[in-house]
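Reviewing the structure listed below.
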Amino acid sequence: MARTQKKVDAVIVGLGWVGSVMAMELTAAGLDVVALERGPDRKTVPTFAYPKIADELRYAVRYELMQRPADSTVTIRHNTGQTALPYRRLGSFLPGTGVGGAGAHWNGLLWRPNAEELRLKSYIDERFGADIIPDDMTIQDFGVDYDELEPYFDRFEKIVGVSGKAGNLNGAIMDGGNPFEAPRASEYPMPPLEQTYDAVLFAEAARNLGYHPFPKPAANASQVYTNPYGMQLGPCNYCGFCERFGCLNYSKSSPQTCVLDALYQRQNFEYRTNATVLKVELAPDGKTATGVTYADAKGEEVFQPADLVILAAFQLNNVHLMLLSGIGPPYDPATGAGAVGRNYAYQMTGATSLFFKNIDFNPFVGAGANGVAFADLALSQMDFAKNGFIGGGYQSSQQTNGQPIHHLPLPDGTPAWGAGWKKAVGEHYGHSMDIVLQSTNMPYRDAYLDLDPTYRDPFGRPLLRMTFDWRPNELKQAQFFKEKAAEFGREMGADASSSFYPDGHYDTRVYQSTHTVGGAIMGTDRQTSAINRYLQSWDVHNVFAPGANAFPQNFEYNPTGMIGALTLWAARAIREDYLANPRPLM
Amino acid sequence: MTDFAIDRRDLLLNGVASVAILALGGLAPAMAQAGPDTLENYKPVYFDAAEWAFVMAATDRLIPADGEGPGALATLVPRFIDRQLAGDFGKASRWYMQGPHDPDASPLFGFQLAQTPAEIYRIAIPEVDAHCRTTYGETFAALSDADKDAVLHDLETGEVDLKTVPAADFFAMLLANTKEGYFADPRYGGNHGMQAWTYIGFPGARASFREWVGQQNTPYPLGPVSIGGERA
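One line per chain: the protein sequences are A and B, in this order.
According to the numbering used here, the first sequence holds residues -13 to 572 in order.
According to the numbering used here, the second sequence holds residues 39 to 270 in order.
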């Protein structure tokens, strides 16, 4: 029988960006808060300390900081006719674990979505007519508008500390920024990072091709910065060990560098590591949660009673917990009934490497999120009728993680081994640059998450099952952008190139993106969303699930800015409305 | 173009200083062993003699000695693979290994075998040697370079039918582990003397380039350092 802990006001599942920022907000409101983190504790020192963090094999190849599939994974199939198979070793996406979550090992790209993307269904209906949307494409509005969220984007950017250049300041278009972005109330907290030579060349070529390049918004400090919590960042030293690593230099924004040491000062906050939440427990009437049951480091079950439950785990794990706990009806793709698991989406990415034998790029020099992008082909700028697909993206050049085991691009046609391979790595390492695509992924009726009938985790719980494949809309989009990257190659006079863009079924082996989204989406209609516009469960009103699980479809920009804004938006609703009168807010 | 252009001589001095600090920090030296660091002096901890002969011969063809740059044997790649298979990687300790397994699954769904990497090498090597004896009359290690390359090619494309594990899966793992051993930090037993890093111009664990980010199209002048503080 489970041991029972002392009751708290709020229990938070997961101590990454969402959990740590929510804990700051709720403790500030006077609540007693406990966070339960399934992974180990992690601090800049000793966990990310130099020199041992500068280890490509351990962190970037064996995935030391990531979720271990042995402990927790999903099964994957391409369609409902297949038997799903376990994602046995990490490949296409890399969920985090441990204190800091994916916020410890990300690159730090901190974007806002386009305003149009938050009301995508309405935008398409108005602009192109509803008929342009294929029958099985289940696009929805988020249920919250950009203008409502702007103060929360702004606040989150100040907490995180972002280096960038505004392109639209209160409606005024600013030189050097992204002219297509939605209006911002304030400039970025820090000026842009310095650019590596690849980005300088890319920006020049982009201008020649008629685009409007700008520095990417980077949660890597370009100078000394103190955030509203009193946490300090030091300027990035471009160490070249960013994504998949923790920051050795207190420069990459993370829960560790931006939130946790401020949070740990609060007497009404406690966290427990190696505490895997197994289930959210519901009251007999099913309308409220009574707390959560977790397994501690010894595997013993513990019940943590709480008045408020915040699901702040990685997107897939939030959906998994909701399905395991009976929070809302599970989605059935055959009938369209039920909402939990609905609208799983991914991110369509691709990359073209351009080779220049006479240029030294020094690819080991780089931050996580330095580089230059253009947004002329963002979703908000696209004519879907003319293009023949619904979507958009941004392309950029970035120099990050030029480590030779996992990032040594070679021209198409290079042998994979033998004397030819050895000669090629000597000739080409340091003489190539990447043009990277990140683009939208629309949701579909039978792209969804449910519980696997066969495979179980070490606690005996069914694994989460992912049913997902690329559709003609996204494949056409990838080819569109592949051709745009090829134009750069011609403009820049590259000696050779190579590229990877999905052109068939989803390949789970090749790293593409950790931006898995949806499955417990937000909205204003309980028939088609699992949580309401305040990120509150429609069915169990003291459960909130802010995170990428809330996205009805995936926009082209990296998700963390939106996740942070939604967390602060939900926290405001809890503090100013829910606590005084706990009830369904819609 | 840059605010941070600095004298190359200063940078070299800074580089030397940072290495000296590393050495004073008392970091562990590269793993000790009896006698000079050579494959002849190395006693495998996982492989038996026949397996070791195969791995020596196969990695020597995957990254051969001839031409510019070091080969797999000069960089002690077989030692790296041996130690990896004896450790967490060999045991698949991070991977989901519960059945049922479907080895006939589409490769798009990734690793689906029931065996750990250590078991895969143990099973596959004698099967490759058996194939070589049947086809060429000798074990893999005794074949000519041309025949070795032909066998490796047939493994890569799955044209050899190994009985227990798919040949292409075994080849892909062997090739990935060989490249890992070539480029990983020397603390794991390969990339001996950081030769592979020196060859391609990767500075290893230096991890500090504030002065270099704005240096455009300028070769980086410093050699690599390792996590253990060695420099080359």
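Glycine is no exception: its CB is placed at the ideal position from the N, C-alpha and C atoms.
Proximity of B/A210 and B/F221 at Cβ, strictly below 8 Å | Position 172 of the second sequence, counted from the start, is the residue given in the question as residue 210 of chain B. Position 183 of the second sequence, counted from the start, is the residue given in the question as residue 221 of chain B. The criterion of a C-beta distance shorter than 8 Å is not satisfied by B/A210 and B/F221.
Collapsed DSSP secondary structure at A/F486 in the structure displayed | Reading the first sequence from its first residue, position 500 is the one you call residue 486 of chain A. The answer is strand: DSSP assigns A/F486 an E or B state.
Uninterrupted alpha helix (DSSP H) stretches inside the region 129 to 177 of chain B (no shorter than 4 residues) | With a minimum length of 4 residues, the continuous alpha helix (DSSP H) runs that stay inside the region 129 to 177 of chain B are 155 to 174.
Cβ neighbours of A/L530 in the same chain (closer than 6 Å, five flanking residues each side left out) | Residue 530 of chain A sits at position 544 when you count from the first residue of the first sequence. Going by the sequence as given, residue 530 of chain A is Phe instead of Leu. The beta carbon of A/F530 sits closer than 6 Å to the beta carbons of I296, L521, Q522 and A556 from its chain, once the five residues preceding and following it are set aside; these are given in chain order.
Can you tell me where the beta strand (DSSP E) with A/A281 in it begins and where it stops?
-> Your numbering for residue 281 of chain A matches position 295 in the first sequence. A/A281 -> beta strand (DSSP E) spans A275 to A281.
Under 8 Å from the C-beta of A/T30: neighbouring residues of chain B = By one-based count along the first sequence, residue 30 of chain A stands at place 44. In chain order: nothing, as chain B lies at least about 14 Å away.
If you count every other CB in all the chains shown that lies within 10 Å of the CB of B/E197, and 16 or more means buried, which is it?
-> In the second sequence, residue 197 of chain B corresponds to position 159, counting from 1. The residue is exposed, with fewer than 16 neighbouring Cβ atoms inside 10 Å.
Whole-angstrom distance between A/H91 and B/T216, CA atom to CA atom | On the second sequence, position 178 is the one that residue 216 of chain B refers to. On the first sequence, position 105 is the one that residue 91 of chain A refers to. The C-alpha of B/T216 lies about 26 Å from the C-alpha of A/H91.
Give the residues of chain D in contact with B/F149, contact being defined as C-beta atoms less than 7 Å apart.
-> The chain labelled as chain D is not found among the protein chains of the depicted structure, namely A and B.
State yes or no: is the beta carbon of A/N223 nearer than 8 Å to at least one beta carbon in chain B?
-> Here residue 223 of chain A is taken as the residue at index 237 of the first sequence, counted from 1. Taking Cβ atoms only, chain B reaches closer than 8 Å to A/N223, which makes this a yes.
Examine chain A for any beta-carbon lying closer than 8 Å to the beta-carbon of B/P259, and answer yes or no.
-> Taking the second sequence and counting its residues from 1, the one referred to as residue 259 of chain B is at position 221. B/P259 is outside the set of residues whose beta carbon lies under 8 Å from a beta carbon in chain A.
Would you say the region 96 to 115 of chain B touches the region 23 to 43 of chain A, given that touching needs at least three Cβ pairs under 8 Å?
-> Judged by pairs of C-beta atoms under 8 Å, the region 96 to 115 of chain B does not touch the region 23 to 43 of chain A, as fewer than three such pairs exist.
Over the uninterrupted beta strand (DSSP E) stretch that includes A/G89, give me the two end residues.
-> Here residue 89 of chain A refers to the residue found at position 103 of the first sequence. Membership of A/G89 in any beta strand (DSSP E) is not indicated; the residue belongs instead to the alpha helix (DSSP H) covering A88 to H91.
Beta strand (DSSP E) runs contained entirely in the region 8 to 63 of chain A, provided each spans 3 or more residues = Complete beta strand (DSSP E) runs here, min 3: 19 to 22 and 60 to 63.
With A/I421 and A/S383 assumed to form a contact (beta carbons below 8 Å), what rounded beta-carbon distance in angstroms separates them?
-> Counting from one through the first sequence, the residue named residue 421 of chain A turns up at place 435. Counting from one through the first sequence, the residue named residue 383 of chain A turns up at place 397. Indeed they touch by this definition, with Cβ atoms about 6 Å apart.
Contact list for A/L43 against chain B, beta-carbon separation under 7 Å = Reading the first sequence from its first residue, position 57 is the one you call residue 43 of chain A. Ordered by position in chain B, the residues that pass the 7 Å Cβ test against A/L43 are E218, A222, D223 and Y226.
Answer yes or no: does any C-beta atom of chain A fall closer than 8 Å to that of B/Q136?
-> The residue labelled residue 136 of chain B in the question sits at position 98 within the second sequence. The beta carbon of B/Q136 sits closer than 8 Å to some beta carbon of chain A.
Close-in-space but distant-in-sequence residues of the same chain around A/G84 (CB under 6 Å, 5 per side omitted) | Residue 84 of chain A sits at position 98 when you count from the first residue of the first sequence. Taken in chain order, the residues that qualify are G25, P26 and R28.
What runs of the alpha helix (DSSP H), each 4 residues or longer, lie entirely inside the region 231 to 266 of chain B?
-> Correct list: 233 to 238.
On the three-state DSSP scale, how would you describe A/L1?
-> By one-based count along the first sequence, residue 1 of chain A stands at place 15. The three-state reading of DSSP puts A/L1 in coil, since its state is none of H, G, I, E or B.
Quick one: grab the DSSP three-state call for A/V(-6).
-> In the first sequence, the residue the question calls residue -6 of chain A occupies position 8. Three-state result, A/V(-6): strand.
Can you list the residues of chain B that A/R451 reaches, using a CB-CB cut of under 9 Å?
-> For the purposes of this step, residue 451 of chain A is identified with residue 465 of the first sequence, where counting begins at 1. For A/R451, there are no neighbours in chain B by C-beta distance under 9 Å, as the nearest C-beta there is about 13 Å away.
In three-state terms, what does DSSP make of B/I59?
-> Here residue 59 of chain B refers to the residue found at position 21 when the second sequence is read from its first residue. With a pLDDT of 39 at B/I59, under the threshold of 50, the modelled position of that residue is not reliable, and the figure given next carries that caveat. The three-state reading of DSSP puts B/I59 in helix, counting H, G and I together.
For B/T256 and chain A, any beta-carbon pair shorter than 8 Å?
-> Start at 1 with the first residue of the second sequence, and residue 256 of chain B comes out as number 218. For B/T256, at least one C-beta of chain A is nearer than 8 Å to its own C-beta.
So, A/L96 versus A/G547, is the Cβ gap smaller than 8 Å?
-> Walking along the first sequence from the start, residue 96 of chain A turns up at place 110. Walking along the first sequence from the start, residue 547 of chain A turns up at place 561. Cβ atoms of A/L96 and A/G547: closer than 8 Å.
So, does the CB of B/V251 fall closer than 8 Å to a CB anywhere in chain A?
-> Counting from 1 along the second sequence, the entry for residue 251 of chain B is found at position 213. Output row for B/V251: interface = yes.
Take the Cβ of A/E23 as the centre, count every other Cβ of all protein chains shown within 10 Å, and call the residue buried at 16 or more, exposed below.
-> Taking the first sequence and counting its residues from 1, the one referred to as residue 23 of chain A is at position 37. Result: buried.
Is there a Cβ from chain A that is less than 8 Å from the Cβ of B/E157?
-> As a first step, residue 157 of chain B is located in the second sequence; it is residue number 119 there, counting from the start. Not one chain A Cβ lies under 8 Å of B/E157.
At least one CB of chain A closer than 8 Å to the CB of B/G64: is that the case?
-> Position 26 of the second sequence holds residue 64 of chain B. Summary for B/G64: the model assigns pLDDT 37, below 50, so the residue's position carries little reliability; its value from the coordinates is reported in the next sentence. So no, B/G64 is outside the interface.
If you draw a straight line from the alpha carbon of B/F127 to that of B/V83, how long is it in whole angstroms?
-> Numbered from 1 along the second sequence, position 89 holds the residue referred to as residue 127 of chain B. Numbered from 1 along the second sequence, position 45 holds the residue referred to as residue 83 of chain B. Approximately 14 Å, taken between the alpha carbons.
Name the DSSP beta bridge partners of A/I296, please?
-> Position 310 of the first sequence holds residue 296 of chain A. As computed with DSSP, A/I296 is found in a beta bridge with A/I(-2) and A/F530.
Assuming A/G312 and A/L268 form a contact by the criterion Cβ under 8 Å, report the distance between their Cβ atoms to the nearest whole angstrom.
-> As a first step, residue 312 of chain A is located in the first sequence; it is residue number 326 there, counting from the start. As a first step, residue 268 of chain A is located in the first sequence; it is residue number 282 there, counting from the start. Sure, about 7 Å apart at Cβ, within 8 Å.
Please compile the residues from chain A whose C-beta is within a distance smaller than 7 Å of the C-beta of B/R248.
-> Residue numbering aside, residue 248 of chain B sits at position 210 when the second sequence is read from its first letter. When 7 Å is used as the limit between beta carbons, B/R248 is near these residues of chain A: N223 and Y224, in chain order.
Mind checking whether A/F231 and A/I517 have CB atoms under 8 Å apart?
-> For this step, residue 231 of chain A is matched to residue 245 along the first sequence. For this step, residue 517 of chain A is matched to residue 531 along the first sequence. No; because the gap between Cβ atoms is not below 8 Å, this pair is not in contact.
Report the three-state DSSP secondary structure of A/M572 (helix, strand or coil).
-> Here residue 572 of chain A refers to the residue found at position 586 of the first sequence. Correct three-state label for A/M572: coil.
Cβ of B/P141 within 8 Å of Cβ of B/L151?
-> On the second sequence, residue 141 of chain B is found 103 positions in, with the first residue counted as 1. On the second sequence, residue 151 of chain B is found 113 positions in, with the first residue counted as 1. If you check the CB distance, B/P141 and B/L151 come in under 8 Å.
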